[in-house]
Amino acid sequence: MHEEFVPGLRYRSSAQELWALVIESFAGWEDRINEASADAGLSPVSAWALVQLDPDHAISQKELAARLHCNPSTVVDPTDRLEEGGLVVRRPHSSDRRINTLAVTAKGRQVRQDLVHRLFDPPDAFRRLPAADQDRFRDAMLAAVGRMKPKGR
């Protein structure tokens, strides 16, 4: 018997059903990020901010906010916490001292690497799919988010 993700919902299109399935596939995400961030001594917001930083290139707080899809003022608290924990350092931009850049420290690199490993380890449901299905799903999702042109174009 198939248990419905949203009881009583009748999908109006394949796209709507696909979207519901994508949402359902994230069932363990909240637990995963909460556990990984707690183990790192961070809030989920600070942990995700650290993941979004490039360990090899300092970026501005404004650029981090763009990566997090939030207002630049929103990144101040999480980056303060990362700095207090010795995971990032703020430095003035080389050509504009009004801009602060965030550079990941050696300690921050290790914590970030651990977070990335835990957060992006695929769930069993994805691992169980045959490799060809994983490739097709990946290609469809890349096309959906605009990072790949559909084949034949």
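Under our numbering, the very last position in the sequence shown is 195; numbers go up by exactly one each time. Where is the CB? At the ideal position from N, CA and C, for every residue including glycine.
Three-state secondary structure (DSSP) of E59:
helix
If you follow the alpha helix (DSSP H) that N113 is in, where does it begin and where does it stop?
Careful: N113 lies outside any alpha helix (DSSP H) and carries neither H nor E.
Does DSSP put R169 in a helix, a strand or coil?
helix
When you compare only the Cα positions, how much space is there between V118 and C112?
11 Å
For R123, the first and last residue of its enclosing alpha helix (DSSP H)
V118 to E126
Going by CA-CA distance only, name the one from F68, P49, L110 and L51 that's closest to A167.
F68
Run through the DSSP bridge pairs and tell me what I101 is partnered with.
L144
Candidates R160, D96, W61 and E59, of which the one nearest G70 by Cα:
R160
So what's R74 in DSSP terms, helix, strand or just coil?
helix
If we call anything under 8 Å between Cβ atoms a contact, is V130 one with T116?
no
DSSP beta-bridge partners of V130
V146
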